[in-house]
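K.L.:
Would you mind keeping the following structure in view while I ask a few things?
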């Protein structure tokens, strides 16, 4: 049951994305990595030690990608067979603030699966292409938000992530990356530099 939104830019939301058994396994994996212990820096892991869980999730991600990519593709990006899905399990500590950003152009398709805790943290703020607050994708465990990152003026995918609670915020971020672009750094004026 995919819900599509077109304002202020195209994104989709799916609740109960993973089967409950797989989601429970993912929660236990997060607990084993220390999600219940507030950290002083962001933790990233790529499922190196649990490929079986990653494969279960990847099967559903590919189905979802096939169903939704063309509907969400208002920036007219091309998703190639060679584009790889990169998995990042992120724990964002209390007080973490990732302000408004549109994501890098080399991300062709992005998904964020909310995992843990079961209530409390902020979700994802949706901002207009001009950077003004529009709405929020509220936090709900096993909810996926997906979009196609864009830097085009009319479809610029500004969003922000905050954790104002006393718990770590665990989310699985999955990005299909186009290897034709290489992200280096930001200029002082926040514009990206590619080679």
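Residue numbers (this note's numbering): 1142 to 1336.
Cβ coordinates follow ideal geometry from the N, Cα and C atoms, glycine included.
(1) Tell me the DSSP secondary structure of residue 1275 in three-state form.
(2) Please say whether residue 1302 and residue 1233 have beta carbons closer to each other than 9 Å?
(3) At which residues does the alpha helix (DSSP H) containing residue 1170 begin and terminate?
(4) Using the C-alpha atoms, what's the distance from residue 1300 back to residue 1266?
(5) Using only CA atoms, which one of 1289, 1169, 1273 lies nearest to residue 1194?
(6) Specify, as a first and last residue, the run of the alpha helix (DSSP H) that residue 1195 falls within.
(7) Which residues mark the beginning and the end of the beta strand (DSSP E) in which residue 1240 is found?
(8) Label residue 1224 either buried or exposed according to how many other C-beta atoms from any shown protein chain fall within 10 Å of its C-beta, with 16 as the threshold for buried.
(9) Touching or not, the segment 1186-1201 and the segment 1155-1164, by the rule of three or more beta carbon pairs under 8 Å?
(10) Taking Cβ to Cβ, would you say residue 1280 is nearer than 9 Å to residue 1255?
(11) With which residues is residue 1143 paired in a DSSP beta bridge?
(12) Pull up the distance between the alpha-carbon of residue 1242 and that of residue 1291, whole angstroms please.
P.N.:
So, from the listed chains and residues:
(1) DSSP places residue 1275 in the strand class (E or B) of the three-state scheme.
(2) yes
(3) 1161-1173
(4) Their backbone Cα atoms lie some 5 Å apart in a straight line.
(5) 1169
(6) 1192-1213
(7) 1238-1242
(8) buried
(9) yes
(10) yes
(11) 1155
(12) 10 Å
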